[in-house]
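Let me begin by presenting the structure, written as structure tokens, before commenting on it.
Given below as structure tokens:
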């Protein structure tokens, strides 16, 4: 072979040698770390014994179970707490309702008391006026008439001055009882002043008025003869007529009957 051919063959052979050498080097680069990793894992497993891993997994499992039961217990406690809170709220609502009912009842009682005279138990002026106004409206619808009595106790100031207000209160209470006895339960008997009374009888006629006058006189005569006091109990009163064909207010009707009452009282003083 010539020298050139020899060099060419040596070059080809070198080239083949390098190719064969390159592939094992690649494998060496790829697989060299594997023993290192394997040794690390092996050493780690050796460092942590197998039973430790089992224990660790057991602990984790126990913690999971405990967490589950704790969450369930918390949820149960929360439900119980909500139920207790609901019971507490319902109890408070019930208490509030009872208190509101009690306050309403108390308010109704106070309102009723404000419309009633404490001494006699009759309607006072505040209680009488709205009832009388409503009664007059009924008369206007029915085209009816009515009568109103305005009464004043005679000499009550002299009785108070001589015997004291306790005795005067006893006289006022006696007059209230007489009026309640003479008039019907359906009639509106009221005490609108210190010693002044108003009666709004239902369905009265002129003949009824005469009868009432007679019955009042009998009652006062009975009381005065039975009491044995050195004073007599009597009243002066005026009777005004209400006609729905010529209507007026309850205030005007009271003024008319009061004027007639003073005329009667003045006539007694002049005799």
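Residue numbers (my numbering): 16 to 286. Note that CB positions come from ideal geometry on N, CA and C, so glycine has one too.
- The Cβ-Cβ distance between residue 217 and residue 201 falls below 7 Å.
- Taken in chain order, the complete alpha helix (DSSP H) segments of 4 residues or longer contained in the region 210-277 are 221-242.
- Of all alpha-carbon atoms in 153, 110, 239 and 160, the one lying nearest the alpha-carbon of residue 193 is that of 239.
- For the pair residue 205 and residue 137, the CB atoms are nearer than the 7 Å cut-off.
- Counting every other CB atom within 10 Å of its CB across the protein chains shown gives residue 258 a total below 16, marking it as exposed.
- In the three-state reduction of the DSSP assignment, residue 108 falls in the helix class, which pools H, G and I.
- Within the region 114-167, no run of beta strand (DSSP E) reaches 3 residues while sitting entirely inside it.
- Distance check between residue 168 and each of 146, 246, 100 and 159 places 246 closest, using alpha-carbon atoms only.
- Scanning the region 163-199 from its first residue to its last, the whole alpha helix (DSSP H) runs of 4-plus residues come out as 171-178 and 180-197.
- Proximity of the region 147-166 to the region 261-278 meets the contact definition, three or more beta-carbon pairs being nearer than 8 Å.
- In this structure, the beta-carbon distance from residue 134 to residue 184 falls below 7 Å.
- Assigned with DSSP and collapsed to three states, residue 201 falls in coil, not helix or strand.
- Taking residue 276 as the centre and dropping the five residues before and after it, the same chain places the C-beta of 165, 166, 167, 251, 252 and 253 closer than 8 Å to its C-beta, in chain order.
- Its chain contains 197 as the residues whose beta carbon lies nearer than 6 Å to that of residue 231, once the 5 sequence neighbours on both sides are disregarded; these appear in chain order.
- Of the candidates 210, 147 and 209, the residue whose Cα lies closest to the Cα of residue 264 is 147.
- Of the residues assessed, residue 101 falls on the exposed side of the cut-off, its CB having fewer than 16 other CB atoms within 10 angstroms.
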